[in-house]
Amino acid sequence: MNVMTTAGHFQVSGEVSDIKPFGTGIINDTYRVDTREGNAYLLQRVNTEVFKKPEEVQHNIERVTAYLKEQIIRENGDPMRETLTLIPAAGGETWYRDEQDRFWRMYAFIDHTSACGQPASLNELYETGLAFGRFERRLSGFPVDSLHETIPAFHDTVDRVTQFMLAMDRDACGRKKTVVLELVSLMQCMDRADLFEKEFEAGRLPRRVVHNDTKTSNALLDTVSGRAICVCDLDTVMPGFVAYDFGDGIRTGASEAAEDEPDLSKVALSLEKAAAFAQGYLEEAGGILTENERKLLPDGIYVITLEQAMRFMTDYLNGDVYYKTAYPEHNLVRARNQIALLQEIQEREADLRLII
Ligand code: GN1
Ligand code: MG
21 MNVMTTAGHF QVSGEVSDIK PFGTGIINDT YRVDTREGNA YLLQRVNTEV
71 FKKPEEVQHN IERVTAYLKE QIIRENGDPM RETLTLIPAA GGETWYRDEQ
121 DRFWRMYAFI DHTSACGQPA SLNELYETGL AFGRFERRLS GFPVDSLHET
171 IPAFHDTVDR VTQFMLAMDR DACGRKKTVV LELVSLMQCM DRADLFEKEF
221 EAGRLPRRVV HNDTKTSNAL LDTVSGRAIC VCDLDTVMPG FVAYDFGDGI
271 RTGASEAAED EPDLSKVALS LEKAAAFAQG YLEEAGGILT ENERKLLPDG
321 IYVITLEQAM RFMTDYLNGD VYYKTAYPEH NLVRARNQIA LLQEIQEREA
371 DLRLII
């Protein structure tokens, strides 16, 4: 089954004329689909090794986008541009399973938007902060416990530590001996790994509907005005902690290097970019946060970066079974990069607390 035929199983308007790989995701496969009549769509193959119950992912996205559209209309916004629109398959479901049991879905393409890459301007960071903050604010009335957990324990950092320790013990590919220094560095950063789970258990922190994958490339800005339009990649919208969304925006947007940059001398945290993201985020989401949530935002930058460093290292030790990799040491390069960023965050933490 080729991708062209797959596109034909969705209710596209017009005749498909072109399909090309699209985007930078490292879990799903994404294609841009164009029709002769000038309509554009995004076709995605959902990675069912990662999302074991993809129908549940779709149910979450159907409900969240419907809810967002109501909020957007109430705010006199454009419901076709300010959130994603799923395109149904021929049978009416929002997905299609092909004969090889691969799971597909389609969205309308939002024209004249692009995601902010690296290095980004302060205004792009500000707009990206607005986009993610607005997303959380608009979903603050959504019944949080009614969502499926699309990946169990996704941002349970304590569980991520356990998985990392297990990967070290198993040492499935004999790689441990080559990364001893990196493992030692990581072990020295673990002190705060359980901060958010502890605060939650003590009843001091709510779980809200959050995005859970707020890399800056998941916020779409208008290519002409530069204004925040929409948040994409809704696969992991689930109950979670706002500080992780906040932190992941800064981890990806305020680092001067991409997360897989091998030259560690380029890995630096820009306080200006962090402040610009924080300003946008707080302008939108500030009003829904409790005092303790707000106080813990800077810790979110540290803990989510620690979690990401552990996840890349875990995958490297396990033999690259989770993330897509472009070359054999890719996960190790990513892990080293995130360890360097973590050290940067640690050094600049007092300043980060001041500006947030
Ligand atoms: C994955 O596929 P993508 O790029 O949207 C991952 C995120 C990581 C990110 C790191 C479901 O996201 O959690 O932060 O890579 N998504 C999943 O680049 O694991
Ligand atoms: Mg994602």
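Using the numbering used here, you'd call the opening residue of the sequence shown number 21 and step up by one each time. Every residue, glycine too, gets a C-beta built ideally from N, C-alpha and C. A quick note: this is a predicted structure, and the numbers were derived from the prediction, not measured.
Does the beta-carbon of H132 have 16 or more other beta-carbons within 10 angstroms, so that it is buried, or is it exposed? Result: exposed.
Between the Cα of E292 and the Cα atoms of I359, T114, P163, I375, which residue gives the shortest distance? Looking at the Cα atoms, I375 is the closest of the given residues.
Straight-line CA distance for I365 to L316? Roughly 15 Å separates the two Cα atoms.
DSSP three-state label for K89, please. Three-state DSSP puts K89 in a helix.
Relative to the C-alpha of L362, which candidate in Y336, D319, D340 has its C-alpha closest? Each of Y336, D319, D340 was checked against the Cα of L362, and the nearest Cα belongs to D319.
Span separating the alpha-carbon of L377 from that of V178: The chain is shown from 21 up to 376; residue 377 falls before or after that span and cannot be answered.
Proximity test, T256 beta-carbon vs ligand 2 heavy atom, cut-off 7 Å: Under cutoff, so the answer is yes.
Could one say the Cβ of D211 lies closer than 8 Å to chain B's Cβ atoms, at least one of them? Included in the structure is just one protein chain, with no chain B present.
What runs of the beta strand (DSSP E), each 3 residues or longer, lie entirely inside the region 200-262? Listed in chain order, the beta strand (DSSP E) runs fully inside the region 200-262 are 228-230, 239-242, 248-251, 258-260, counting runs of at least 3 residues.
On the criterion of 16 or more Cβ atoms from any shown chain inside 10 Å, does T25 qualify as buried, or is it exposed? The Cβ neighbour count for T25, taken over all protein chains shown within 10 Å, is under 16; the residue is labelled exposed.
Exposed unless 16 or more other CB atoms sit within 10 angstroms - verdict on R74: Here the sequence assigns Pro to residue 74, which means Arg is not the residue at that position. P74 comes out buried.
Alpha carbon to alpha carbon, how far is D54 from T234? Give it in angstroms, no decimals. Looking at the two C-alpha atoms, the distance is approximately 27 Å.
For the beta strand (DSSP E) that contains V53, what are its first and last residues? Start and end: 49-55.
Start and end residues, beta strand (DSSP E) containing Y347: No beta strand (DSSP E) holds Y347; DSSP gives it neither H nor E.
Whether T354 touches F332 by CB criterion (8 Å): Per the sequence shown, the amino acid found at residue 354 is Arg instead of Thr. The Cβ atoms of R354 and F332 sit closer than 8 Å to each other.
In terms of residues, what are the limits of the alpha helix (DSSP H) holding F152? That run of the alpha helix (DSSP H) goes 142-158.
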